[in-house]
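Colleague: First, the structure itself, so that you have it in front of you.
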Amino acid sequence: MVPVLVSSKLKSLLIPLTRVVVFTGAGISAESGVPTFRGQNGLWNEFRVEDLATPQAFAAHPQQVWEWYSWRRELISKITPNQGHSAVAHFERFFSSFCLVSQNVDGLHDRAGNQRILKLHGDIWEVRCISCGLRRMDFRPVLSPLPPRCECGGMLRPGVVWFGEMLPSDVFERAVRETQSCDLFFSVGTSAEVFPAAQLPGIARQHGAYVVEVNIERSAAAHVAHEVLLGKAGEILPELSACLRGALAGPGSELAG
Ligand code: NAD
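Residues 1082 to 1338 in our numbering are what the sequence shown spells out, letter by letter.
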């Protein structure tokens, strides 16, 4: 593993009073074994988005859509958060003003210990009734029969935001507000191709935040970043997390390890 070169500017911001937003995408979960959508081994190389992740697809073939979600729920239920997720949970404990904005639906940030999460694209563990609107969490990997039904008799759908659907406006507005008022913004493991979420790094930059991208390759948002740390989130974020321990220990102190 090549050591991460953390600039002195970034190091100077790794103190508890810095207001931090971490914006994550599928890349942070890739090392846990959750496939990303785009890129090598991405899900969209194998499946057509129109067939599976749109309201029209669900209306036409609810069982087929649910089978795909059941496959993903089962896959996610067998894996665990990785060191990248743990580092983000450490960030939340360290910075007094912290917000995690995630495009991920897998629940791995919750399992790693984050609590202040704005989920832009919903949660794969949530089910929502298309008749009465009831929402609840259901952590059973496989629901049977498919499609599952609500107590009211209506059909349940996955509680995720599909292509062509609006993001929950209150959640997105809060994400924008947090982004506008932070000092340090991390964009981690996202291709920054899905809008409106992909606007956030640019908004952060316009409002004066120091923007850092963490990705195995430069994303569509790399041009707005002050710093691009190229590498795996599961390797880079723990190194940044170690710098936080150094910041608490103060100059000249031994690191807690
Ligand atoms: P994406 O698939 O478009 O892009 C993934 C990004 O992660 C790429 O830029 C890739 O270079 C980077 N990456 C891959 N491995 C990495 C690693 N180990 N460390 C750091 N970066 C890595 O994903 P997206 O930008 O999140 O947008 C896709 C949409 O798909 C979102 O709407 C999201 O809701 C959904 N999605 C979610 C999950 C999940 O919940 N885990 C998985 C797939 C897709």
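For glycine and all other residues, C-beta sits at the position ideal for the given N, C-alpha and C.
Mark W1206 as exposed unless 16 or more other C-beta atoms lie within 10 angstroms of its C-beta, in which case mark it buried.
Modeller: Walking along the sequence shown from the start, residue 1206 turns up at place 125. It counts as buried.
Colleague: Any heavy atom of the ligand NAD closer than 7 Å to the Cβ of I1211?
Modeller: Stepping through the sequence shown from its first residue, residue 1211 is reached at position 130. No, Cβ of I1211 sits at least 7 Å from all heavy atoms of the ligand NAD.
Colleague: Please classify S1177: is it buried, with 16 or more other beta-carbons within 10 angstroms of its beta-carbon, or exposed?
Modeller: The residue labelled residue 1177 in the question sits at position 96 within the sequence shown. Exposed, since its Cβ has fewer than 16 Cβ neighbours within 10 Å.
Colleague: For G1270 and F1253, I'd like the C-alpha separation in whole angstroms.
Modeller: Counted from its first residue, the sequence shown places residue 1270 at position 189. Counted from its first residue, the sequence shown places residue 1253 at position 172. G1270 and F1253: Cα-Cα distance of roughly 19 Å.
Colleague: Quick one: does G1289 have its CB under 8 Å from some CB of chain D?
Modeller: Going by chain labels, chain D is absent from the structure shown, which holds only one protein chain.
Colleague: So what does V1103 bridge to, in DSSP terms?
Modeller: Here residue 1103 refers to the residue found at position 22 of the sequence shown. Under DSSP, V1103 takes part in a beta bridge, and its partners are L1181, F1267.
Colleague: Are the beta-carbon atoms of L1102 and F1172 separated by less than 8 Å?
Modeller: Translated into positions along the sequence shown, residue 1102 becomes position 21. Translated into positions along the sequence shown, residue 1172 becomes position 91. Residue identity check: residue 1102 is Val in the sequence provided, not Leu. No. Outside cutoff.
Colleague: Could you name the residues that DSSP lists as bridge partners for V1241?
Modeller: In the sequence shown, residue 1241 corresponds to position 160, counting from 1. Under DSSP, V1241 takes part in a beta bridge, and its partners are G1203.
Colleague: Thinking C-alpha only, which one of D1204, G1235, L1227 is nearest P1249?
Modeller: Against the sequence shown, residue 1249 aligns to sequence position 168. When the alpha-carbon of P1249 is set against those of D1204, G1235, L1227, the nearest one is in D1204.
Colleague: Here's the rule I'm using: 16 or more other beta-carbon atoms within 10 Å means buried, otherwise exposed. How should D1187 be labelled?
Modeller: Along the sequence shown, read from residue 1 onward, the residue named residue 1187 stands at position 106. Buried is the call here.
Colleague: In chain order, which continuous runs of the alpha helix (DSSP H) of length 4 or greater are located wholly inside the segment 1136-1172?
Modeller: 1136-1141, 1143-1158
Colleague: Taking 8 Å as the cut-off, decide whether the C-beta atoms of A1290 and L1201 are in contact.
Modeller: Position 209 of the sequence shown holds residue 1290. Position 120 of the sequence shown holds residue 1201. For A1290 and L1201, no; Cβs fall outside 8 Å.
Colleague: Have a look at T1099 and G1240 and give me their C-alpha separation to the nearest angstrom.
Modeller: In the sequence shown, the residue the question calls residue 1099 occupies position 18. In the sequence shown, the residue the question calls residue 1240 occupies position 159. Those two C-alpha atoms are separated by around 33 Å.
Colleague: Can you give me the C-alpha to C-alpha distance between L1318 and C1233, rounded to a whole angstrom?
Modeller: Indexing the sequence shown from 1 puts residue 1318 at position 237. Indexing the sequence shown from 1 puts residue 1233 at position 152. Cα-Cα distance, rounded: 45 Å.
Colleague: Report whether the distance from the Cβ of V1085 to the nearest heavy atom of the ligand NAD is below 7 Å.
Modeller: As a first step, residue 1085 must be located in the sequence shown, where it is residue number 4. No.
Colleague: Can V1292 and L1310 be called in contact, C-beta distance under 8 Å?
Modeller: What you label residue 1292 is simply residue 211 of the sequence shown in a count that begins at 1. What you label residue 1310 is simply residue 229 of the sequence shown in a count that begins at 1. No, the Cβ-Cβ distance between V1292 and L1310 is not below 8 Å.
Colleague: Apart from the five residues just before and just after P1162, which ones in its own chain have a Cβ nearer than 7 Å to its Cβ?
Modeller: Mapped onto the sequence shown, residue 1162 falls at position 81. These residues qualify, in order along the chain: S1113, L1189, R1192, A1193.
Colleague: Could you check whether C1324 and V1169 sit closer than 8 Å to each other, using their CB atoms as the reference points?
Modeller: Here residue 1169 refers to the residue found at position 88 when the sequence shown is read from its first residue. Here residue 1324 refers to the residue found at position 243 when the sequence shown is read from its first residue. Cβ atoms of V1169 and C1324: not closer than 8 Å.
Colleague: Classify E1232 as helix, strand or coil using the three-state DSSP reduction.
Modeller: To locate residue 1232, count along the sequence shown from 1; it is residue 151. Note: E1232 maps to coil in three-state DSSP.
Colleague: Among I1297, F1220, L1094, which residue has its Cα nearest to the Cα of L1156?
Modeller: Mapped onto the sequence shown, residue 1156 falls at position 75. The shortest Cα separation from L1156 among I1297, F1220, L1094 belongs to F1220.
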